[in-house]
Structure formats: structure tokens, C-alpha cells
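Heads up: the sequence lines are chains A and B, in that order.
Residue numbering for the first sequence follows the numbering used here, starting at 105 and increasing by one per position.
Residue numbering for the second sequence follows the numbering used here, starting at 3 and increasing by one per position.
A short write-up of the structure that comes next.
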Amino acid sequence: MVGVSDFPFLSILTGAPLVGALVVAFLPRAKPELAKRVALIWSIAVAVLAAVMWVAYDAGGERFQFRESYTWIPAWDARFTFAVDGIALVMLLLIAVLVPLVILASWHDADSSKRSVPVYFALLLALESTMIGVFAAADVFLFYVFFEVMLVPMYFLIGSYGGQRRQYAAVKFFLYSLVGGLFMLAAVIGLWALGGKTFSWQELLSADFSTNTERWLFLGFFVAFAIKAPFFPFHTWLPDAGGAAPAGSAALLVGVLDKVGTFGILRYCLPLFPEASRWFAPYALAIALIGIIYAALLAVGQNDLKRLVSYTSIAHFGFIGIGIFAFTTQAGTGAVLYMVNHGLATGLLFLVVGMFVARRGSALVSDFGGAGKLVPLLAGVLFFAGLASLALPGTAPFVSEFLVLIGTFTVNKTVAVIATAGIILAAAYVLWMVQRTTQGTLNPALSTVDGMRRDMTIREKVVVAPLILLLLLLGFYPKPVTDVINPAVQATMQDVGKTDPAPAVQEASR
Amino acid sequence: MHANLSNAAAVPALAVDYVPAEGFLSSFWLLIAIPLASAAILLLLGKRADKWGHVLGVGSIAVSFVLALTYFFQLRGLDNKSVELKLFDFISVGSFHVDFGLLFDPLSAVFVLLITGVGSLIHLYAVGYMEHDPGRRKFFGYFNLFAAAMLLLVLGNNFVMLYFGWEGVGLASYLLIAFWSDRPSAATAGKKAFLMNRVGDAGFAIAIFLMFQQLGTVNYADVFNGVGSLSSGVVLMMGLLLLLGATGKSGQFPLQAWLPDAMEGPTPVSALIHAATMVTAGVYLIARSNPIFSANLTLQTVVVSVGALTLLIGCIIGCAKDDIKRVLAWSTVSQIGYMFLGVGLGGGAYALAIIHLLAHGFFKAGLFLGAGSVMHGMHEQTDIRRFGGLWRYMKITWATFGLAWLAIIGLPPLSGYFTKEPIIVAAFERDDWTAWLFGTAALLGAALTAFYMTRLFVLTFHGPKRWTEEIDHPHESPPVMTVPLVLLAVGSVGAGALMASSVPDWLTPVLGGRGEHEAVLSHNVITILSIAVTVLGVGLAYALFRNGTALQEQPAGPVVMAARRNLYADAFNEAVFEKPGIFLTRALVFLDNRGIDGLVNGLAAAVGGGSSRLRRLQTGFVRSYAMSMLTGALLVVAAFLALQLGWLA
Numbered sequence: 105m106v107g108v109s110d111f112p113f114l115s116i117l118t119g120a121p122l123v124g125a126l127v128v129a130f131l132p133r134a135k136p137e138l139a140k141r142v143a144l145i146w147s148i149a150v151a152v153l154a155a156v157m158w159v160a161y162d163a164g165g166e167r168f169q170f171r172e173s174y175t176w177i178p179a180w181d182a183r184f185t186f187a188v189d190g191i192a193l194v195m196l197l198l199i200a201v202l203v204p205l206v207i208l209a210s211w212h213d214a215d216s217s218k219r220s221v222p223v224y225f226a227l228l229l230a231l232e233s234t235m236i237g238v239f240a241a242a243d244v245f246l247f248y249v250f251f252e253v254m255l256v257p258m259y260f261l262i263g264s265y266g267g268q269r270r271q272y273a274a275v276k277f278f279l280y281s282l283v284g285g286l287f288m289l290a291a292v293i294g295l296w297a298l299g300g301k302t303f304s305w306q307e308l309l310s311a312d313f314s315t316n317t318e319r320w321l322f323l324g325f326f327v328a329f330a331i332k333a334p335f336f337p338f339h340t341w342l343p344d345a346g347g348a349a350p351a352g353s354a355a356l357l358v359g360v361l362d363k364v365g366t367f368g369i370l371r372y373c374l375p376l377f378p379e380a381s382r383w384f385a386p387y388a389l390a391i392a393l394i395g396i397i398y399a400a401l402l403a404v405g406q407n408d409l410k411r412l413v414s415y416t417s418i419a420h421f422g423f424i425g426i427g428i429f430a431f432t433t434q435a436g437t438g439a440v441l442y443m444v445n446h447g448l449a450t451g452l453l454f455l456v457v458g459m460f461v462a463r464r465g466s467a468l469v470s471d472f473g474g475a476g477k478l479v480p481l482l483a484g485v486l487f488f489a490g491l492a493s494l495a496l497p498g499t500a501p502f503v504s505e506f507l508v509l510i511g512t513f514t515v516n517k518t519v520a521v522i523a524t525a526g527i528i529l530a531a532a533y534v535l536w537m538v539q540r541t542t543q544g545t546l547n548p549a550l551s552t553v554d555g556m557r558r559d560m561t562i563r564e565k566v567v568v569a570p571l572i573l574l575l576l577l578l579g580f581y582p583k584p585v586t587d588v589i590n591p592a593v594q595a596t597m598q599d600v601g602k603t604d605p606a607p608a609v610q611e612a613s614r
Numbered sequence: 003m004h005a006n007l008s009n010a011a012a013v014p015a016l017a018v019d020y021v022p023a024e025g026f027l028s029s030f031w032l033l034i035a036i037p038l039a040s041a042a043i044l045l046l047l048g049k050r051a052d053k054w055g056h057v058l059g060v061g062s063i064a065v066s067f068v069l070a071l072t073y074f075f076q077l078r079g080l081d082n083k084s085v086e087l088k089l090f091d092f093i094s095v096g097s098f099h100v101d102f103g104l105l106f107d108p109l110s111a112v113f114v115l116l117i118t119g120v121g122s123l124i125h126l127y128a129v130g131y132m133e134h135d136p137g138r139r140k141f142f143g144y145f146n147l148f149a150a151a152m153l154l155l156v157l158g159n160n161f162v163m164l165y166f167g168w169e170g171v172g173l174a175s176y177l178l179i180a181f182w183s184d185r186p187s188a189a190t191a192g193k194k195a196f197l198m199n200r201v202g203d204a205g206f207a208i209a210i211f212l213m214f215q216q217l218g219t220v221n222y223a224d225v226f227n228g229v230g231s232l233s234s235g236v237v238l239m240m241g242l243l244l245l246l247g248a249t250g251k252s253g254q255f256p257l258q259a260w261l262p263d264a265m266e267g268p269t270p271v272s273a274l275i276h277a278a279t280m281v282t283a284g285v286y287l288i289a290r291s292n293p294i295f296s297a298n299l300t301l302q303t304v305v306v307s308v309g310a311l312t313l314l315i316g317c318i319i320g321c322a323k324d325d326i327k328r329v330l331a332w333s334t335v336s337q338i339g340y341m342f343l344g345v346g347l348g349g350g351a352y353a354l355a356i357i358h359l360l361a362h363g364f365f366k367a368g369l370f371l372g373a374g375s376v377m378h379g380m381h382e383q384t385d386i387r388r389f390g391g392l393w394r395y396m397k398i399t400w401a402t403f404g405l406a407w408l409a410i411i412g413l414p415p416l417s418g419y420f421t422k423e424p425i426i427v428a429a430f431e432r433d434d435w436t437a438w439l440f441g442t443a444a445l446l447g448a449a450l451t452a453f454y455m456t457r458l459f460v461l462t463f464h465g466p467k468r469w470t471e472e473i474d475h476p477h478e479s480p481p482v483m484t485v486p487l488v489l490l491a492v493g494s495v496g497a498g499a500l501m502a503s504s505v506p507d508w509l510t511p512v513l514g515g516r517g518e519h520e521a522v523l524s525h526n527v528i529t530i531l532s533i534a535v536t537v538l539g540v541g542l543a544y545a546l547f548r549n550g551t552a553l554q555e556q557p558a559g560p561v562v563m564a565a566r567r568n569l570y571a572d573a574f575n576e577a578v579f580e581k582p583g584i585f586l587t588r589a590l591v592f593l594d595n596r597g598i599d600g601l602v603n604g605l606a607a608a609v610g611g612g613s614s615r616l617r618r619l620q621t622g623f624v625r626s627y628a629m630s631m632l633t634g635a636l637l638v639v640a641a642f643l644a645l646q647l648g649w650l651a
């Protein structure tokens, strides 16, 4: 039967932005508007394609759908295999939604740069292509290649178009990722050699390793993913990168690119190395937990808005981390939902911060103060993004955070209780940031800045409206997303060999 | 342990059962949806709605009130006085299932009537009070948002819905306290309220986790029916966590310090949110969870202790304050202490706490709105040392405030008498020596309440004028403000007797009936005592303050000094949490920039081959180095591609 499922969705979804990137890159430098428009329309077309996939996906169907497989390197049994489960699908949707908004939000970001405007937008599209590829890959080697190539466009986005200390931040980002990549490369080679000389994820799933081997292989992957996510103590590159990157790129960096780390753990570490995953779980929980508290405290202490948001992200990744390693359906589904919601919420937060920075010409909190008087609407959106970030009920992140915590509590009360303290700290860093930036007496220096006299433009409203709408929608009715994620998470839990505990009362009466 | 078991056995096994809502009642979700929609319109339309925003704001809550009355009468006609409405699946993952579900039962019905009824009057009053404020439309948007969240809080049919509304009122409360957010003090007060509430919320959240972990459900019906199968340690822990949440929202010890600062918000906010409704959410939580709290004696003793301690804290500080709104705020802390005392005593006292809560909703709203009316006529002055003799100039405010004053101090036949005195009696009915402890505390509180409220009343309306110079002729407020005052005063007078005779029976399906108890003193003796101490407090305050008071703060003994400084609770929080917190944060920022970053950079350098290369990060070599790495990576990719094309294979 030839149906939608035979249509090569994933290779087109991966390839289309790359083609778009090439087209945009070769547009004349003197016509920046044209480049912007083409990039925007191209990314919207990609989003439409992703939406069609969303409709065509059968939530109750097979674990992996839209499978395509083409010969690549027969000698290594590495193939161009694409397929998505529910987890990868929601990430693809997130990318497809965020990229057009980021392009629109970055409309003037490259104007003052000495570098080519079309190239900036081409890089964004190229980044989209590699990000889609990394989530769509179902071949370990293909995944690795995308994992590494993904760095290239981001490196140039930060290094060429970023703010202060961009060179330092870009190289630091690149080195950290590359070091992680080296660990992973070693593990990938090991996996291939000991797992039956294939890179096929499906076949590797049934490979058997000795306990020690499995732990080493796990560690190789885990270190790469922990740096990427990032988890404490590998996090120090993120505030630099997030602080220096243009706001739009930062939104993609933190909103999507970093999720490759947590996605990788779910897709590669857990199913391929179940015994090692269980063995390492307490350590992983520990660093995730430290991250929640530690990064939240650091966020409170930041004086740079973009670095502050970066630190909040590290704290959020801690929640995702405990959600993954608690090994329950609720915590796991919560973790994946968290990845989506965090992309929307922190994406919005970065974009709004970018709007403030573009007006003020500075990201320092102390350069603001009382901004709500001048730009009430923008201040309101910042506050909303902050509320989503602190996981207030009614916004989407509440559901994911609650699921992570309740699911973790059923198996590990201590971890869940300490993590719950993180919700108090989240309120502290958000409200303090909002207060110092938008409330209180108006900073006299602020009213002399021309940009601050203008509240949100129509373009900016169009950027934030879909994100606000999605955050509210998923805050009240998360079911469409959880129903897609849930089967994939349950399959992953099965791979790890874990089942949800029964309620304690039933357990006792047995 | 033994006591717990025997107590658990004494609790009638109240099988909780709700029936689906049918017919007209199945639309009771509108109660929440109408103010929510109004809030959305007011906040989204922005300036375009400035002209008529307040009309929509008042109209939406008034419609909700009318609907609430209609539903209430429908509910009265039903045999099973509890109807449930499942709107949609909210969260459903594995065995964890939460409906977006609502419950309309006797307990939620009385709260809905209070919120929409008193809420309508305060909304109406705010039309006048906020008339000259450029943000009036936004104010009504937030006010409606608050009403919707509060209604969700009391109408949810499971603990997650309750939590949803709970956090929603926290948000609305923040927005309204910090309404004049260009004042640093208002912004700080809002943040303080939100943060202290979040501490309680964290406890509440963990209680919900515990329910799911133990019972596999968060629905009221299933949790309450499952309490019997829980060990007493689990019940105790669950109750203490819920109590932590309740103390946060209700401004009870140890989380009481935010409530007086919340007076930075406009006065109608103080009336609606920080007196009549939101702060009673903690009482609602405990009353709603009565099967949990009744199942453990230790737990009940803790609740009673929190109530008794807080009611005294509130009274003592209330005696030492000179700001009209802060006196009322501490009085709220103290009155909610009485309610906690009531719900902690359990049994029939649950219902007593609820009727005191309802009566308090009327007279405290009346007091706050009266205070707002005074401030309105006195150039926003709030210092009672600067009032005096106002009864001649604002007669309606004086009369209504006076009735509310008599109601709160509990003189018969006003409402406070019918609702507070029974709680004092119930405190004396405890089984052991604690009857004396808590009974005496409640009596002492009554005396102190009489004292500080009389001080407030006399200094404001009577005695010599002590006005600041720019005021020559204070004016009475316009009718849009005085009409709500009159209606609330009617409630302060009549509601007590009315409710004391009908509400406890109405609540029996939810809270259980009132059994027979023996007090350590006879009922009549307690009544006479409580009236006597009240008269004593009034007399003493009148004697001391009928001739006015000093305009400056006078030196005083350690107790008064401590009371003026809120019994050092703020100083304690600052010394124990805030200062160390700031230090920790700064230390970590330093550590993260130097220590962790340096360490990991060093490690990375070692892996990358020699730290000298990494040091070049700060130099001009950076780019070339990065480029060479990048080129390397690209070469690898190119090699793979070449492989695929068969050039190297």
C-alpha cells in the first residue's frame, strides 16, 4: 500500500533546509531583505511539512515510523537510516516551530554586523537541517556525524555574529563539544566493533556486552551528552555561549541544540546499555540534582540577562536529567515533555531578552530598572516568559515539571524532595530578574535611550504570540503531546527493564 | 501511637461519593469561565478597553454571583448534595490520571458564594476607589483573574486542580500587591509574598506526590476513602505537608511575614484577597482534607498549636502598629489563627471555622474598605496617629466601620459573637490539659482583639483631630464606595446569627456532624468570660486613647519594641535565609567562574593536548586554532562521504 508513510518525509525534512541555506547563501549580499524573506518562507514551508508529519503519525502505532533506509558505507554497515519515535517527532515539531520564529526575531540582528546578512540566515537554515538530522537519524554513525556537523553552523553564528567575547565563547563551545564528541567517537567505534560490526540501532539493541564493556560504552556516550545538555559540572561553556550568541541563535542553542544531549541519553544510553544505565543512575541523578540547585543559585546571582537565562536552563536540564534516570513512565514522559516545553519557554525568554537587549544595547540587568514604565507590553511578555520558566500552572512547563517530580517521588523520595526545593529558587531568580529589570523606579539612563521609547513592533508581536499561545494551550491541555511521547517512553523503560511501582498501599496488602 | 489508633476508630468512616452533574448544574464551570474570559479580554485589549473595562470587570463577577446563587438553590434541592463535572483529561500518563474536574458540594458552595458575593461588592467599590488611577482597567483584569483562580481552587475535584487554582491566586496576589510596581516597596512586597507562598506550595506539592505514591490517585474521593489504609506516620507526614502549604497561603506561623507587607497593594486588594478570600484558602485546604486531618491526633494538635500561636502573634503585633491597614492585616493573621484553631480541633469545630471564615469575610472586608474610604478622604494618610474626630465628617464610613468593629470583637448580637465564641468553647472541649492551654489562648486573643480594634476605632474616628496640615475638610466617599460599605455592614450585623444556625447543618455531608462534648468549663461560664474580657479590652483601650495619642513613636519596653518589629520575624528571615543566601549566591558565582570553569577548561585542555593551547583562547591564536579544529572535523566528514562514493573503499 502506498500511503503517506511511504513518502520520504524525513530525508526531505532534513534536506530542505539545507537546500534553502545554499539558496539564501548565494543571494546577493546587497539584497538582505530578499534573503530574509526567502529564509522565512523556506522555514515556514518546513514547518508545514512537519505539521503534516504530525498529523500522519500514528500515536498508537509502531514505535518507529516514517522509516527510510539507504545504502551509505556498506563496509561498515552504516546506512542513511531515518526514523522517528514519539520523542524524536515532538523534537522535530519543536524545531520546525522555533526556526521561523527565530528567523523573524533575528530580522535586524545581522544588520549592524560587518558580515554578510544572507549568510547569517543561511546559517540558521543550515543549523535547522543538522538539528533535524540528528533527531531523525536511526543509525548510530549517521547520528554521530550529525552530532558533530551541528557544531559548525552554531560556531559561526556565535563567533561571527555574536556580542562581546564572541570569539572566546564560540571556541569554548566548539572545544567542549568536540571533546565530548571524541569520547562519543571512541564509544561509537567500540560499539561497532563489539556489537556485531553494524551501526544499525535496531540490531545493536539486541547486542550483548560484558558488564564492564557496557559501562565504558555508556560512559563514552554519556559524557558527550552530559557536556551537550549540559549537566553540572560540564556546564560552564553554556553561559558564555548563551551570553555571547545573538538572541535568536541562543534560543535555538538552548531551546533545541542542547536537547540533543538529553535525547541522546534516552535514545542511545538507556536502550543500548540498560544494565549500565541502571548502574550509573544514582550518579546521574546526583549531578542532575546538584545542577538544579547550583544553577538556580547562580542564576539568582547573575547580572547579565542572557547569562542568567542560560543558568536557568542548566537548572531545567537538571529536572530533565532526574526525569530520565528515575525510570518511571511519569518521570520519563515528564522529561520529554519538559524538553519540548523548555524549548518554548526558554526560547521565548531568550527572544524577549533579545528584544530588550536590542533596544538598550546592553544585556546587563543593572542597565535596566523600571523598564515597565517605558515598554509595558514587552515587560509583560518578559513576565509571562518568566512565569512559564518557573513552571506556573496554566503554562506548559508546569505539567512537565509536575510529572517529573511525581514520577521521581514514587521511586526516590529524597531526590524528588530536594528537586522540589528548586521550584522555590526558580521563583526567586525569575521574580528578582523581573523586579530589577522592569519594576521599581525608572533608571534615568534608560529614558534617554531611543530604542526604549518604542514598545513592541508588529514583527515582535508576531514572534511571541505563537509561543505564548502554545505555552498556554499545552498548559491546559497537554494530552496531544503526552499521548505521542508516552508510548515511546514506555518502550524505553521496557528497554531498561524498569516498571512503575504500584501504589504503596496496594504493595503492602499483597 | 495508641492514641492515634483509638482516635482513628472514633472517626466515622465517611464514604465519599460524588454524582455527575446533570441538567442546568452541569454548566457550573461557567462560574470560573466568565471571570476568566473577562480577565483575558481586559488584559488583551489593552488601552482600547480603558473606557468600559471596569464595567465588564464588575459585571462578570456579578453574573458569576447570580449564577452561583442559582446553582446553590439547585444543589439544595438534590438528595446527594455533591455534584461532579469532568471537563477533560488534564494529565494522563501511565497510572497517573488527573481530570480537569470540578466539584460543587456544600463546602465549595459556601466559598463560591463568599468569593462572588463579597467579591462583587469589593469590585464595585474599586470602581470608585481606582477612578483616578490610569491602570484601572488592568486592575480589573487582575481582579477577575484572581476571582477565576480562587473559584478554581474551591471548585476542583482533585488536589492537582486545587493546586492549579492555588498557584493562580498566588500569581494574582503578586500582580495586585505589586500593582504600583514603580514603587520599590510594592515590587518587593509582591516578590516576598510570592516567594514565601512558594515555600508553602512546595510542601503542598510534596503532599500530592505522597498521595500518589501511597494511594495511586489524587482525586478527593479516592484519597479520602483511602486514608484508612494508610499508616499513621504517612498520614501525619501528609497532613504536615498540607499544613505547610496552608500556612503559606493563609499567613500563619511560620510563614506569616508576607501578609502585612501585602498591604502595599491598593486597598480593595487588601479587602478581597488579603482579608476576605485568598488567605482563607489554607482553611479551605484543611477543611477539605478533613478525613486526613481527623485521622491523626498529633496532626490535629499541631494545627491547633499553629492556630493558637498565630492568633496571639497577630494580636500582639496588632496592638503595636500605627498604620491603619497594617493593624487590620495583623488582625487578619490573628482571625485566621482562630479559624486554624477551629479546623485543628476537628469534629464539629470544622464547621465553626468555616462560619467564622464567612463572617470574617463580611466584617473584615467592611473594615478594609472603610479604611480605604478614610484614606480616600485624608490624602492617602494611613497613620492612625494622624486621624481623630473623623466621625463628624464621614458618617457612613464611621457607622459601617463601627458595626464591623463590634462584629470583629465579638459582642452580641453581631456576627463575630456567633462565630468566634463557639470556637473558644470548642477549644475548652479538648480531652486533656490542652483544653486549658488553647482555651486560655483563645480568650486572651479575644481580649487583645477588643483592645487593638478599639484603639484603632477610637484613634481614627474619635478624640481630638491630629490631622496633617494640608487637610482642612475630609470628605465622605462617593456612593459607589459607600453602598458596598453599607451592604457589608448589614452582613457584619446579621450574617453571624443566620449562619450559625444554618451553615453547620448544611456542611454536615462534607465535614461530619457535631458530636456531644464536655468542656472543662461550663458553656455559660465561657460565654460570660469571653464577653467580660472583651468589655475589659474595649474599656482599657477607650480609657487610654479617647484623648488621642502621641504623634511620634514613644520609647517602650522590650515587648512593645518586639511587637513593633513584627516579633523579629523579618529580622530572623533576613539573618537566617536572606543574608546567607546572598552570600552563598555570590560565593557560587565566584566559584563557578574561577573554580569549576577553570577545572573543566583544564581538563579539556589536557584531553585536547596540553594546556598551552587552551591558554591561547584569550589570544589571537584562538581563531586559527578553532579553524584548524573545524577543518579537521570537516575533513573527517569529507572522508566519510568519499568512502561512500567508493573512492577510498
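All residues carry an ideal CB built from backbone N, CA and C; glycine is no exception.
This structure is a prediction, so every number in the text was calculated from the model and none was measured.
So which residues on chain A does residue i lean against when the C-beta distance must stay under 7 Å?
{"i": "Arg50/B", "result": "Under the 7 Å cutoff, chain A gives no residues; its nearest Cβ is about 13 Å from Arg50/B."}
So, with DSSP's three-state summary, where would you put residue i?
{"i": "Met597/A", "result": "helix"}
{"i": "Asn160/B", "result": "strand"}
{"i": "Tyr272/A", "result": "helix"}
{"i": "Trp176/A", "result": "strand"}
{"i": "Thr545/A", "result": "coil"}
{"i": "Ile473/B", "result": "coil"}
{"i": "Gln620/B", "result": "Unreliable placement is indicated for Gln620/B, whose pLDDT of 45 sits below 50; the coordinate value is still reported in the next sentence. Note: Gln620/B maps to helix in three-state DSSP."}
{"i": "Phe130/A", "result": "coil"}
{"i": "Ser304/A", "result": "strand"}
Can you check which of these residues, the options, is closest to residue i by C-alpha distance?
{"i": "Phe325/A", "options": "Asp362/A, Ala349/A, Cys373/A, Trp296/A", "result": "Cys373/A"}
{"i": "Ser175/B", "options": "Ser503/B, Phe142/B, Leu542/B", "result": "Phe142/B"}
{"i": "Leu157/B", "options": "Thr118/B, Ile124/B, His134/B", "result": "Thr118/B"}
{"i": "Gly391/B", "options": "Ala353/B, Leu461/B, Met377/B, Thr456/B", "result": "Leu461/B"}
{"i": "Met597/A", "options": "Leu370/A, Leu279/A, Tyr259/A, Ile426/A", "result": "Leu370/A"}
{"i": "Ala322/B", "options": "Arg566/B, Leu242/B, Phe206/B", "result": "Arg566/B"}
Strictly below 9 Å CB to CB, what residues from chain A border residue i?
{"i": "Arg588/B", "result": "Gly405"}
Along chain B, in chain order, which residues have C-beta atoms closer than 8 Å to that of residue i?
{"i": "Gly474/A", "result": "Asp184"}
Taking C-beta pairs closer than 7 Å, name the residues in chain D that residue i reaches, listed in chain order.
{"i": "Ile208/B", "result": "No chain D appears in this structure, whose protein chains are A and B."}
Residue i touches chain B at which residues, Cβ-Cβ below 9 Å?
{"i": "Leu401/A", "result": "Gly583, Leu586, Thr587, Leu590, Val591"}
{"i": "Asn590/A", "result": "Ser94, Val95, Gly96"}
Could you round the C-beta distance between residue i and residue j to whole angstroms and report it? I think they count as a contact, below 8 Å.
{"i": "Phe295/B", "j": "Val306/B", "result": "So it is not a contact: roughly 11 Å between Cβ atoms."}
{"i": "Leu550/A", "j": "Phe487/A", "result": "Contact flag wrong, Cβ pair sits at about 17 Å."}
Taking residue i as the query, report the chain B residues whose CB atoms sit under 7 Å from its CB, ordered along the chain.
{"i": "Asp604/A", "result": "Gly96, Ser97"}
With 9 Å as the limit, tell me which residues of the region 539-554 of chain A have their beta carbon closer than that to any beta carbon of chain B; keep them in chain order.
Shown in chain order are the members of the region 539-554 of chain A whose Cβ falls below 9 Å from a Cβ of chain B: Gln539, Thr542, Gln543, Gly544, Thr545, Leu546.
Return the residues of the region 250-281 of chain B that lie within a Cβ-Cβ distance of less than 8 Å from chain A, sorted by chain order.
From the region 250-281 of chain B, no residue has a Cβ closer than 8 Å to chain A.
When you check each C-beta in the region 155-175 of chain A against every C-beta of chain B, which residues fall closer than 9 Å?
Residues of the region 155-175 of chain A with a C-beta atom less than 9 Å from some C-beta of chain B are Thr175, listed in chain order.
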